[in-house]
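The structure under discussion appears below in the form of structure tokens.
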Amino acid sequence: MNLPNKLTMLRVLLVPVFMVFAALGRIGTADYNPTMHLLAGIVFAAASFTDFLDGYLARKFHLVTDFGKFMDPLADKCLTTAALIYMVVDGLCSPVVLAIVLFREFAVAGVRMIAAESGTVIAANMWGKVKTVLQMLTVIFYYIFPFFMGPTDIMAFGLITQVLCWLIAAVTLLSGGIYLWQNRVCFMQAK
């Protein structure tokens with residue numbers, strides 16, 4: 110297993126670590142633990158950085174593999190979906206946003222499975238990368254900013270978080286539509 114693939118697997122392993130800290134953070138409750146919430150953000154940011162790093166190394170040193178094309182987007186989805194679930198539980202992200210994200214991911218996974226039957230591996234496109242970066246930046250904002258905010262910043266934080274979540278939904282719909290359109294030939298070739 111090459112270095113980029115190891116970094117992808119590290120991202121997968123960081124998902125449960127992030128989830129433990131996110132669960133202990135409990136923002137918006139009397140049991141809110143700012144340190145745990147911040148640690149969740151730091152773990153998420155570190156895992157997100159591995160996404161950039163593994164792609165950069167794979168392209169620069171010609172280490173792109175079918176495993177990486179499959180596992181890298183899956184690792185991203187596990188990480189960002191876990192974070193969005195906690196944001197929904199915390200009440201600062203609409204369940205509709207999460208549903209849109211999940212629907213897009215299931216649709217893309219279906220197209221990839223159909224393509225895999227013919228021996229084709231479909232890598233992520235630019236719009237999928239934009240969606241992922243926006244999701245990651247939103248989650249990093251959500252988990253890191255509260256540690257530094259004062260009592261008067263709470264309403265602005267909530268509003269900004271909700272706007273960012275709806276922006277995620279819009280970009281997710283756009284990227285999913287483009288992805289399905291670009292790969293519509295997979296549907297036509299399916300038996």
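Residue numbering for the sequence shown is 110 to 300, as defined by this note's numbering. We put the beta carbon where it would ideally sit given N, CA and C, even for glycine.
Which residue's Cα is closest to the Cα of T144: F158, A156 and V129? Proximity to T144 across F158, A156 and V129 peaks at V129, based on C-alpha coordinates.
Tell me whether the stretch 140-156 and the stretch 277-285 touch, counting them as touching only if at least three CB pairs, one residue from each stretch, are closer than 8 Å. No: the two stretches stay apart, fewer than three of their Cβ pairs being nearer than 8 Å.
Considering only residues of the same chain and omitting the five flanking positions on each side of L211, which have a CB-CB separation below 8 Å? Sequence-distant partners of L211 (beyond 5 residues in either direction) whose C-beta falls short of 8 Å from its own C-beta, in its chain, are T190.
Just to confirm, are D163 and P204 a CB contact at a threshold of 8 Å? In this structure, P204 does not lie closer than 8 Å to D163 by Cβ.
Using a C-beta cutoff of 8 Å, does G219 count as contacting chain D? Absent here is chain D; the protein component of the structure consists of one chain.
So G259 and D199 are supposed to be a Cβ contact under 8 Å. How far apart are they, rounded? No, G259 and D199 are not in contact; Cβ-Cβ is about 19 Å, not under 8 Å.
What's the call for P182, buried or exposed, on a 16-neighbour Cβ count within 10 Å? That one is buried.
Closest to Y219 by CA distance: which of Y252, I231 and A208 is it? The amino acid at residue 219 is misidentified as Tyr; the sequence shows Gly. Among Y252, I231 and A208, the Cα nearest to that of G219 is on I231.
Where the alpha helix (DSSP H) containing Y195 begins and where it ends: Residues D175 to V198.
Our contact map puts V217 next to G285 with C-beta atoms below 8 Å; I'd like the distance itself, whole angstroms only. So it is a contact: roughly 7 Å between Cβ atoms.
May I ask you to report which of helix, strand or coil DSSP gives I231? DSSP, reduced to helix, strand and coil, places I231 outside both helices and strands of the structure shown, so it counts as coil.
Let me confirm a value: R192 is counted as buried when at least 16 other C-beta atoms fall within 10 Å, else exposed. Which label applies? The question names Arg, but residue 192 in the sequence shown is Ala. By the beta-carbon neighbour count (other beta carbons within 10 angstroms, threshold 16), A192 is buried.
Range covered by the alpha helix (DSSP H) that runs through F266: Residues I263 to Q291.
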